[in-house]
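Engineer: So that you can map any letter, position 245 of the sequence shown is 245 in full-length UniProt numbering, and since no number is skipped, the others follow by simple counting.
Glycine included, each C-beta is placed from N, C-alpha and C at the ideal position.
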Amino acid sequence: MNFQLIKNLIVIPVYINDKGPYNFILDTGVSPLLITDPSILDTVDRSLWRPIKISGLGKGEEIEAFSSNTIDVDVGASRMDNVPAAILKSDIFNLSNFLGIHVHGLIGYYFINSFKVSLNYPAHKMTFYQHEVKKKIKGFPVPMELILNKPYLQLPVMSPNLGLFNARLLMDSGASFALSLEAIERLKFPLPDSNITANLGMGISGLISGHIGRIHSLSIGKITLNDVLTNFPDYAHGAARVAITGRNGSIGAELMRRFHLTFDYRNSVVFLKPNGSLRAPFDHDMSGMEIYMIEGQPNRFFIERIEPGSPAEKIGILPGAELLELNFKAAHSLDLQSMVQLLKAGNGKNVLLKIAQEEEIIYKVLTLKKRI
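#1: Exposed or buried, what is Gly174 when buried is set at 16 or more other beta-carbons lying within 10 Å of its beta-carbon?
#2: At the level of alpha carbons, what is the spacing between Leu41 and Ser78?
#3: Considering Cα atoms alone, identify which of Glu360, Ile315, Asp335, Pro319 is closest to Leu352.
#4: Measuring alpha carbon to alpha carbon, tell me which of Arg371, Ile372, Val340, Asn2 ends up nearest Phe98.
#5: Report yes if the C-beta distance between Val270 and Pro151 is below 8 Å; otherwise report no.
#6: Taking a contact to mean a Cβ-Cβ separation below 8 Å, would you say Glu64 touches Lys89 in this structure?
#7: Check whether the region 205-215 touches the region 138-148, taking contact to mean three or more Cβ pairs, one atom from each stretch, closer than 8 Å.
#8: Would you mind reading off the limits of the beta strand (DSSP E) that contains Gln130?
#9: With respect to the beta strand (DSSP E) encompassing Ser250, which residues constitute its N-terminal and C-terminal limits?
#10: Classify Leu57 as helix, strand or coil using the three-state DSSP reduction.
#11: Rounded to the nearest angstrom, what separates Ile196 and Lys116 at their Cα positions?
#12: Among the candidates Ala253, Ala123, Leu106, whose CA atom is the shortest distance from the CA of Leu170?
#13: Looking only at its own chain, which residues have a Cβ that is under 6 Å from the Cβ of Pro38, when we skip the five neighbours before and after it?
#14: Rounding to the nearest angstrom, what Cα-Cα distance links Asp72 and Ala331 in this structure?
#15: Does the region 245-264 come close enough to the region 306-324 that 3 or more CB-CB pairs lie under 8 Å?
Next up, the structure:
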């Protein structure tokens, strides 16, 4: 089946209790089905829901949710009955604005564990079949350990400050970054000398703050990836997860998309076959603008925040401004993915922006800069 790929995240159509299709992110980092838009269950008997609280990476408090085992899920021709699900009381992730399409939730373990699941990122195609089916899998095998229903790999990492060490890393297809390093021997992971302060995204408990830098290399089998862009979240945000799993961090979709992947949870192995993106450079946004999209006719793009010291801040762009044109192209004619790619097109490249800011229409020349 085909999927949408937006900001490195895989979005698939899912039917819930015979209704849909709804847009769900395929996320190896979640165990129960996570429904972020509770309105899709308005017709369900809520007396069967049990109130729970969920905590996760981020600065905020625990959030209120419900759990249920009465959710039936269809993906393609497959059906899974009575799937454990967590239903958020409100959509705190705001994934729809982040991806530019209406997102209803995240699906992970209970789907991937039911089949052998292959992902072809360049072709935007997912195939899955029963474990009993005998089929040759392309690629090299990497042993995988499931901890709390989530896949972990042990991989050699070469860090500027620590040298070579063996890292326990979660494979997280629901994270758009390449690599995140949180801890070493249950202490905060040391930052490389060259780094920038950044907002690293949104977790279940709120904003994740930290730094972005680079490591020398990460190896998977006989393949070594160099100069890998790496998130370093503030340790306080993830200390509890580190204590439970002993993890050092996680691999995200910016790294995973460089391979064709086949997950075989029941045999604790993932197969990787390099694709044409393997040696693409690990680039960070070069504008300093965090952009969100409001769906509609036409789609509208706004600036959520500006990174301190970034090219956007230096030319006076403010949070709340609306992007109207980029290089004479109407913003509403672009999708969020192509806009993100344009804003990391190359160090020193100029982008002409037409924006609505403080009740004025103004033009700005934004010079992209590689900040890390």
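Structural biologist: Considering the structure as presented:
#1: When all chains shown are included, Gly174 counts as buried.
#2: Computed Cα separation, rounded: 20 Å.
#3: The shortest C-alpha separation from Leu352 is found at Ile315.
#4: Of the listed residues, the one whose Cα sits closest to Phe98 is Val340.
#5: Between Val270 and Pro151, the CB-CB gap stays under 8 Å.
#6: Between Glu64 and Lys89, the C-beta spacing is below 8 Å.
#7: Taking 8 Å as the limit for Cβ pairs, the verdict is that the region 138-148 does not touch the region 205-215.
#8: In the DSSP assignment, Gln130 falls outside any beta strand (DSSP E), carrying neither H nor E.
#9: 249-251 is the span of the beta strand (DSSP E), which, as asked, contains Ser250.
#10: Unreliable placement is indicated for Leu57, whose pLDDT of 48 sits below 50; the coordinate value is still reported in the next sentence. Reduced to three states, the DSSP call for Leu57 is coil.
#11: Ile196 and Lys116 have their C-alpha atoms spaced approximately 39 Å apart.
#12: Restricting attention to Ala253, Ala123, Leu106, the CA atom closest to the CA of Leu170 is found in Ala253.
#13: Spatial neighbours of Pro38 in its own chain (CB-CB distance under 6 Å, excluding positions within 5 residues in sequence) are listed in chain order as Ile87.
#14: Roughly 39 Å between the two C-alpha positions.
#15: No, the region 306-324 does not touch the region 245-264.
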